[in-house]
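Protein chains in written order, with the numbering used here: chain L, 106 to 405; chain R, 106 to 405; chain B, 106 to 405; chain Z, 106 to 405.
Number of protein chains: 4
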Amino acid sequence: MILKGMFAPIPTPFTPEGEIAFDALEGNIRHWKQTPLDGLVIAGSNGEWPLLSFSERVELFKACADLSEGRFTLIAGTHCPSTSETAELSVAASEAGCHAVLVLPPHYYKGQNSPEAVMKYFTTVADASFVPVVLYNMPANTGWNLDWKLVSKLSTHRNITGIKDSSGDIVQISMICKNAAEDFSVFAGSGSFLLPSLAVGCSGATMGVANIFPEACRAIFDAFAEGKMDMARRLQLALIDINQAVTKRFGVPGLKAAMDHAGLYGGPPRPPLEPVVEKVRNEIIAIHDEFKEYYEEVSS
Amino acid sequence: MILKGMFAPIPTPFTPEGEIAFDALEGNIRHWKQTPLDGLVIAGSNGEWPLLSFSERVELFKACADLSEGRFTLIAGTHCPSTSETAELSVAASEAGCHAVLVLPPHYYKGQNSPEAVMKYFTTVADASFVPVVLYNMPANTGWNLDWKLVSKLSTHRNITGIKDSSGDIVQISMICKNAAEDFSVFAGSGSFLLPSLAVGCSGATMGVANIFPEACRAIFDAFAEGKMDMARRLQLALIDINQAVTKRFGVPGLKAAMDHAGLYGGPPRPPLEPVVEKVRNEIIAIHDEFKEYYEEVSS
Amino acid sequence: MILKGMFAPIPTPFTPEGEIAFDALEGNIRHWKQTPLDGLVIAGSNGEWPLLSFSERVELFKACADLSEGRFTLIAGTHCPSTSETAELSVAASEAGCHAVLVLPPHYYKGQNSPEAVMKYFTTVADASFVPVVLYNMPANTGWNLDWKLVSKLSTHRNITGIKDSSGDIVQISMICKNAAEDFSVFAGSGSFLLPSLAVGCSGATMGVANIFPEACRAIFDAFAEGKMDMARRLQLALIDINQAVTKRFGVPGLKAAMDHAGLYGGPPRPPLEPVVEKVRNEIIAIHDEFKEYYEEVSS
Amino acid sequence: MILKGMFAPIPTPFTPEGEIAFDALEGNIRHWKQTPLDGLVIAGSNGEWPLLSFSERVELFKACADLSEGRFTLIAGTHCPSTSETAELSVAASEAGCHAVLVLPPHYYKGQNSPEAVMKYFTTVADASFVPVVLYNMPANTGWNLDWKLVSKLSTHRNITGIKDSSGDIVQISMICKNAAEDFSVFAGSGSFLLPSLAVGCSGATMGVANIFPEACRAIFDAFAEGKMDMARRLQLALIDINQAVTKRFGVPGLKAAMDHAGLYGGPPRPPLEPVVEKVRNEIIAIHDEFKEYYEEVSS
């Protein structure tokens, strides 16, 4: 399995009462089907995985698989703190119809994260899973970096197929591209560094902003593929503000606010995440509209 | 409720098959009853809380309450990533017979940890809980520090009774002692800085090493209380090596190895935690025996 | 040489034109002679050493030695980025009449700070110096921590006599107290953690606040020595606000503002350091006066 | 003044006795004149600026200007801890014949680095200097990051012409490219992320490895300019190992060892920097030769 293209790390929609809003999910997916998105990441960091129960995650995997009707490559976020639960949820994800699973390194007991312990965690999960494992490096949330040496070793496992690296460390991403096994897919984990990641060899990206502006994101891929580096650069630089607003700066609540504004269902996050305050909502709207206007001008 | 004295953050014993070993737990608690321990912390970091299911934690709270027969103050680790689950588990802990609950700040989405969001998390949990909440600052695991200003604000909530600060930042601990509400209990979160914490006003401590050497730990409390500062200092300096070995250096697997050696039930941790390798086990045994010998000499 | 007691890390006074204000220095030292201070640290971090030329530092050492008339133990800050210059300035410091030299680890090329390289730096300087070397750990400024293992090794050098540890890591300070050579002096590098440092075995401290409130600082030493732990604790907790204001929070400009208010000569710092703005000056004055009032009440 | 192209941050050659080896400098510069290098950075981090005296730096600037005979754009590293000394050395650099000066943010008193203080430092220096100022962000050495917002503000100063950003934070570099004043030049501060930096809009780079492999570095620039992204990527990935070896991993001593091997004069660094040990020297030689072989194959 080779991962390629543009994936949206979709948020999990909740009703005002805090239940998963499956109707809203259906609406969102119906919309995304008409965009150039290649795949969806379900119950990743943007999907509030730590705030979902095991059974909610399985339901979500099923719902997304049913609603996608084969249109998307589906990557299910199946990381759990314990090895056995991650393995179990990975099996459930494949039974639900997902095509790959996204797994973080262990991180609460990070002081005990020897290379051997981390290798064993991923190897056990990959051995148990019926679908390929995608490694997920997200030090801003986990407080622990999965380095390129370890990734390169893991890349030789027959059922570990790629990595989503959200570290933003472009030298590390380069070293993975250089040293990982052939056919190992390297994905940029953020739209804020898509173009430089493509330049060093990434085959795709998961990008918060792809939930809202998939066409614009696709335009960067296309411009790069066609050698229009100047256009690619201008789009990339323009994209950073809105991408940072819906990821690093304002997090999942920021992404949901932007989706509400863009005509998708964002809705409330689950506590302890709190909806953005009015002032932030207005800032996000302004950043959203500025980018939208810019993109329409450029692409017309 | 005022927390005072010496608490052991007990490990959760597992059978070789990975189930909770209630027999072993009974044996350990029977032993601890004959020591000067004042209380137990159940399903804290040493208790591998992230690797336990919700229902396992409830079972564990019940078992400890039953086995303690009123001998110990029981603090139940009830932190969950979602606010509602933490509240629910806190209620279950009180129903199980525990006297207080230990709650970490939210930490996966640490980028969204505004003072307001963190206040709301703890306030919601404290409002819902039937027993007092003890704050738990553990930046080495969470990657996020709960600072003294926030703690001082939270300390005025009628159902937030204290903090276990494992940061090791002695100025921060001092500032909490100075600025928190009266009757707010400040606990050192490690035996490696017990004496300096007592010196600046802490009323007690939870200490990994108290699982194995409660008498020696008690001797530091006593020496301090009696103004025997020289004896207190010598014991404290001697204690650091063994305490670091069963906490920061080798983690829960190190603590379990030391307990196995000391005649208690340590047993295996749950993956992704791995048992210590032979070389480390031998180092832990050597450090254990060196301290034991030292303490016997000093106390005779 | 055993270092003991309370040292003030004195600021270097400048005229409004930016020259060293030797008259002001004389006035300050005349004042300090009438206080319980044991020693002065000259051209340390508070003395703006990086902003002074080699020859200015030598002049300053001489002036302080002359003005002290044997009243103080004088520690000269002689760290320079290059080994040979540090050695040379250390020799000049002894010729100027100082009793010891204070030396930081190399830190610009911190990526090359192998234990061997750092050992060699300090050993070369200590071999060359006619007076004992005091190690100086100041990670907040240098970005590099001198750990207890390295300190313990260095402590066996016949001409390395002690350490001023400003890290605030009380476990590290404890480990130095435990593992360093006999007669090696361990100094707390800040008044914010004086009492806990004494509790684990430090023999003294250099404290920014000792420039302004030497009697109050001395009172903590005395209370500790006399076993009046409750009094020691209350003074320590009260001292932190003013000490942080003249060190970590507002730096040398804050200390100089407080000295101006207290009737000593503070004056302007050298650029790039800038005098505190009016709002900060007022905050410092308020914190100063609050402590002064508290101390007068307690000590009367 | 617009900075463009490839600059070598040249090491300062020393004789075995520790004096500046002007003969060796002449030999090196004679060699570099026959390469595609566009400019030299003198007395930067690779030039061991903290280990040189003020007058040595001036001599070095003069020697490089004389030896270059107009062949290179010359950027003089003139940062000093004090504002006035930096201004003075910047004036001396222009009188010596250099075309621009490279200036770090203040960093010893990093706790006092308010945006205002940093702005004032750079503004004062830029006002005083007769040649344009190039900002220099080097957090690995300084422990302090000069962020894109501050850089964007500084970029409007008429005599601040560009930045060399060695942070490796590609999103930050992108934001500078997007937000800085028109005609402000953004340089990648390392060969390890040259291509991604060009992709987001940098106009050039200073690269440790350009001291040894200027043709290969130039080949990346050329491939990028000609839209040969695949070739550019392959060269970039191959270049990282040797560039890391002579920068981040083994520092100035590593660069000097590689130069010795490559037929240039490397020689010893100044203490506290120590020459690499034999094992490291052999590793560097192996990495050097591997890249050389690769490049000869690719370029033939």
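C-beta atoms are modelled at their ideal positions from N, C-alpha and C, and glycine is treated no differently.
Identify which residue in the options has its Cα closest to the Cα of residue i.
| i | options | result |
| --- | --- | --- |
| R:ASP346 | B:LYS283, B:ILE265, B:VAL208 | B:LYS283 |
| B:GLY273 | B:THR352, B:SER295, B:LEU259, B:SER257 | B:SER295 |
| L:SER187 | L:LEU209, L:GLY175, L:LYS167 | L:LEU209 |
| R:ALA304 | B:LYS225, B:PHE329, B:VAL256, B:GLU320 | B:PHE329 |
| L:PRO373 | L:ILE180, L:VAL357, L:ILE147 | L:VAL357 |
| R:TYR241 | R:ASP327, R:SER271, R:SER173 | R:SER271 |
| Z:HIS366 | Z:ASP232, Z:ARG339, Z:ASP394, Z:LYS353 | Z:ASP394 |
| Z:ASN133 | Z:GLU122, Z:SER195, Z:ILE147 | Z:ILE147 |
| Z:PRO220 | Z:SER257, Z:ASP171, Z:ASN264, Z:LYS138 | Z:SER257 |
| Z:LYS109 | Z:PHE127, Z:GLY123, Z:ASP128, Z:PRO141 | Z:PRO141 |
| R:HIS212 | L:PRO211, L:ILE390, L:SER199, L:THR247 | L:THR247 |
| B:ASP143 | B:GLU401, B:HIS184, B:PRO114, B:GLY368 | B:PRO114 |
| B:GLU122 | Z:ASP171, Z:GLY371, Z:SER189, Z:ILE278 | Z:SER189 |
Would the beta-carbon of residue i fall within 9 Å of that of residue j?
| i | j | result |
| --- | --- | --- |
| R:ASN387 | R:PRO116 | no |
| R:SER291 | R:ALA285 | The question names Ser, but residue 291 of chain R is Val in the sequence shown. Taking 9 Å as the Cβ cut-off, R:VAL291 and R:ALA285 qualify as a contacting pair. |
| L:VAL314 | L:PHE355 | no |
| L:VAL230 | L:THR191 | yes |
| B:ASP201 | B:VAL238 | Note on identity: in this sequence residue 201 of chain B is Ala, with Asp being the wrong assignment. The answer is no: Cβ separation not under 9 Å. |
| R:GLU161 | R:ILE107 | no |
| B:TYR226 | Z:PRO376 | yes |
| L:ALA324 | L:MET336 | yes |
| R:GLN349 | R:SER297 | yes |
Output the boundary residues of the beta strand (DSSP E) element that contains residue i.
| i | result |
| --- | --- |
| L:PHE396 | Element bounds for L:PHE396: not the beta strand (DSSP E) but the alpha helix (DSSP H), 383-404. |
| R:THR266 | 265-270 |
| R:LEU179 | 178-182 |
| R:ALA205 | 205-208 |
| Z:ASN242 | 238-242 |
| B:VAL146 | 144-147 |
Cα separation between residue i and residue j?
| i | j | result |
| --- | --- | --- |
| R:PHE119 | R:TRP154 | 13 Å |
| Z:PHE177 | Z:ALA197 | 18 Å |
| R:LYS333 | B:TRP249 | 36 Å |
| R:GLU193 | R:PHE396 | 42 Å |
| Z:ALA343 | Z:TYR399 | 8 Å |
| B:LEU145 | B:HIS136 | 13 Å |
| L:MET351 | L:LYS361 | In the sequence as presented, Met is not what sits at residue 351 of chain L; that position holds Val. Rounded to whole angstroms, L:VAL351 to L:LYS361 spans 8 Å at the Cα level. |
| R:LEU157 | B:ALA321 | 51 Å |
| B:ASP232 | B:ASN264 | 7 Å |
| B:ALA363 | Z:GLY182 | 36 Å |
| L:ALA170 | L:ASN151 | 18 Å |
What are the partner residues of residue i, as DSSP defines its beta bridges?
| i | result |
| --- | --- |
| B:ALA293 | B:ASP270, B:ALA310 |
| B:PHE119 | B:ILE125 |
Does any heavy atom of the ligand HEM sit closer than 8 Å to the C-beta of residue i?
| i | result |
| --- | --- |
| B:ALA113 | As presented, the structure is devoid of all ligands, the ligand HEM included, so that no description of it is given. |
Can you name the start and end residues of the alpha helix (DSSP H) that residue i belongs to?
| i | result |
| --- | --- |
| B:ALA113 | First-last for B:ALA113: 110-114, but that is the beta strand (DSSP E), not the alpha helix (DSSP H). |
| L:LEU303 | 299-304 |
| Z:HIS212 | Segment: none, Z:HIS212 is in no alpha helix (DSSP H) and carries neither H nor E. |
| Z:ALA168 | 159-173 |
| Z:GLN341 | 334-349 |
| Z:GLY356 | 356-367 |
| B:PRO186 | Neither: B:PRO186 is in no alpha helix (DSSP H) and is coded neither H nor E. |
| R:SER279 | 275-284 |
| L:THR228 | 220-233 |
| L:GLU153 | Note, L:GLU153: premise wrong, no alpha helix (DSSP H); not H, not E. |
| L:ALA324 | 319-330 |
Check your understanding: If you measure beta-carbon to beta-carbon, which residues of the region 243-273 of chain B are closer than 7 Å to chain C?
Key -> Absence of chain C from the displayed structure is noted, the protein chains being L, R, B and Z.
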